[in-house]
Amino acid sequence: MGGPSEPESQQLTGRQRLAAGLWPPRVTRAQLIVAVLLFVLGLGLAIQVTSNNDDSALRGARQEDLVRILDELDNRTQRLEDEKQRLDAQRTELETSSDQAEEARKQTREKEQQLGILAGTVAAQGPGITLAIDDPSGTVEPDMLLDAIQELRAAGAEAIQVNDVRVVADTYFSGTGGDVQVDGNRVAAPYVFKVIGKPQDLEPALNIPGGVVQTLEKEQATATVTRAEKIIVDALRPAKRPDYARSSSQ
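Numbering (my numbering), first residue to last: 1389 to 1638.
So, in structure tokens, the structure goes:
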């Protein structure tokens, strides 16, 4: 008979003993608490870094940029609130009208007129401003006029006409200083913007520090903003029929 067999623990290789010591992991309660605290601390630091980056971007902005951002946010908030009230009023009219079918047709006609104004296929009138840009040196570039359009839209402009060209959603400016084209149509200085909207919002948007008026004045151009109770935007666009899109309503 042979001698007694070696204990099983002595038959394990060094690698097997190492694996047995590491797995399954033996985590004490204190180690678990420390791990959770470290995770929470790391998450807080990551959030703080992101927040600091955002704040740094605002802290690095010029005062006039901050004024413009706040002004645009206030205007957009007010327009959204006005739109909400208008939709609530339409819903109330539909719910309380004795002839709901006629009320629905009335609102459809009003909506058609509104869409026609946005598309530039119908004339529009209402309160607003006139922006006249005189450019005797031919230094006003197309992108400067585009900036004016964007500022006016951000301030709530509902209809815009530049000289004899109606401005719509896909309007583009091209050319060079002294030879500006709007949607391929050449326009000559003075550039006259007829804008329908709330004058109390439109004029300040152009006159804020670092805004459109100051930028144009730096180019030796003269920008004059005039409020009016009645602005007529009568340059029209032909109605376009889509080549492929069709209504999905049955």
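Glycine is no exception: its CB is placed at the ideal position from the N, C-alpha and C atoms.
If you follow the beta strand (DSSP E) that residue i is in, where does it begin and where does it stop?
i: LYS1582; result: 1579-1584
i: GLN1608; result: First-last for GLN1608: undefined, no H or E at that position.
i: ASN1573; result: 1573-1575
i: VAL1567; result: The question names Val, but residue 1567 is Asp in the sequence shown. Where ASP1567 is concerned, the enclosing beta strand (DSSP E) stretches over 1567-1570.
i: THR1564; result: 1561-1564
By DSSP, does residue i sit in helix, in strand, or in coil?
i: ARG1541; result: helix
i: ARG1625; result: coil
i: TYR1632; result: coil
i: GLU1396; result: Only weak support exists for where GLU1396 lies, its pLDDT of 48 falling under 50; the value from the coordinates is given anyway. The answer is helix: DSSP assigns GLU1396 an H, G or I state.
i: ILE1457; result: helix
i: ASP1523; result: coil
i: GLY1508; result: coil
i: THR1480; result: helix
i: GLY1645; result: This structure gives no information on residue 1645, because the portion of the chain shown stretches from 1389 to 1638.
Does any residue of chain B bring its CB to less than 8 angstroms from the CB of residue i?
i: ALA1542; result: Of the protein chains in this structure there is only one, and it is not chain B.
Kindly give me the distance between the Cβ atoms of residue i and residue j, rounded to whole angstroms, as I take these residues to be in contact under 8 angstroms.
i: GLN1549; j: VAL1556; result: At roughly 10 angstroms, the Cβ-Cβ gap does not stay under 8 angstroms, so GLN1549 and VAL1556 are not in contact.
i: ILE1537; j: THR1614; result: Contact doesn't hold; Cβ gap of about 18 angstroms is too wide.
i: GLY1544; j: ARG1474; result: Rounded, the Cβ-Cβ distance is 14 angstroms, inconsistent with contact.
i: THR1603; j: ASP1522; result: Incorrect: roughly 15 angstroms between the Cβ atoms, too far for contact.
i: ARG1625; j: GLY1508; result: 4 angstroms
i: ALA1593; j: ALA1627; result: 30 angstroms between Cβ atoms; not a contact.
i: GLY1599; j: GLU1529; result: Not a contact, Cβ separation roughly 16 angstroms.
i: THR1527; j: GLN1588; result: With 8 angstroms as the limit, THR1527 and GLN1588 do not qualify as a contact, their Cβ atoms being about 31 angstroms apart.
How far does the alpha helix (DSSP H) with residue i in it extend, from its first residue to its last?
i: ASP1552; result: Counting along the chain, ASP1552 falls outside any alpha helix (DSSP H), and DSSP gives it neither H nor E.
i: ASP1589; result: 1587-1595
List the DSSP bridge partners of residue i.
i: GLN1513; result: ILE1620
i: THR1518; result: LYS1582, THR1614
message = Using 8 angstroms as the cut-off, can you tell me whether the segment 1497-1510 makes contact with the segment 1561-1581, which would need three or more C-beta pairs spanning the two stretches below that distance?
response = no
query = Does the segment 1499-1514 come close enough to the segment 1617-1627 to have 3 or more Cβ pairs within less than 8 angstroms?
reply = yes
query = Per the contact definition of three or more C-beta pairs closer than 8 angstroms, is the segment 1528-1535 in contact with the segment 1564-1573?
reply = yes
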